[in-house]
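Residue numbers (mature numbering (1 follows the signal peptide of the UniProt record, and there is no 0)): -20 to -1, 1 to 127. Take a look at the structure below.
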């Protein structure tokens, strides 16, 4: 939804700036509303919920702090460079590239984010261990030469 909405907003700017079509203001409004709605039910909320399900209680607070800091850092970076980016590739290019980034993120989620519905933390952790060949820290400590 966010991907298509961003592309449609890019289409609005293309039609307005390149084609000279002037009666498509509704497209910008509809695209922006759809983008916000899809963000609110997906990328805006779900990462924070998933984070509470995939991190153990011992590190959840630190993980949330790091995730929040990274989120705000990238928001700041996008805000700082958006105008220069727009000048370099126009408004339509900005929204088309944002749509492409959303498309790439779909593949990231499918490949790397596990389904957590109805699973215990232990099941989720086992899935990460199996998928990424991780070793438990407790097992590593028991077998380390220092212990």
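For every residue, glycine included, the Cβ atom is placed at its ideal position computed from N, Cα and C.
| Item | Value |
| --- | --- |
| In the DSSP assignment, find the unbroken alpha helix (DSSP H) run with residue 78 in it and report its ends. | 37 to 92 |
| Leaving out five residues before and five after residue 76 in sequence, what residues of the same chain have Cβ atoms less than 7 Å from its Cβ? | -14, -11 |
| For a quick check, are the C-beta atoms of residue 18 and residue -19 less than 8 Å apart? | yes |
| Could you tell me the alpha carbon to alpha carbon distance between residue 171 and residue 37, rounded to whole angstroms? | Any property of residue 171 remains undetermined from this structure, which presents the chain solely from -20 to 127. |
| Tell me whether residue -15 sits in a helix, a strand or coil according to DSSP, three-state version. | helix |
| In this structure, does DSSP put residue 99 in helix, strand or coil? | coil |
| Within a Cβ cutoff of 7 Å, which residues of the same chain sit near residue 47, ignoring the five residues on either side of it in sequence? | 31 |
| Tell me the DSSP secondary structure of residue 25 in three-state form. | coil |
| Which residues in the same chain as residue 44 place their Cβ atom closer than 7 Å to its Cβ, once the five residues preceding and following it in sequence are excluded? | 31 |
| Can you name, in chain order, every residue of its own chain whose Cβ lies under 7 Å from the Cβ of residue -2, other than the five neighbours on each side? | none |
| For residue 7, tell me which candidate among 65, 101, 28, -17 has the shortest Cα-Cα distance. | -17 |
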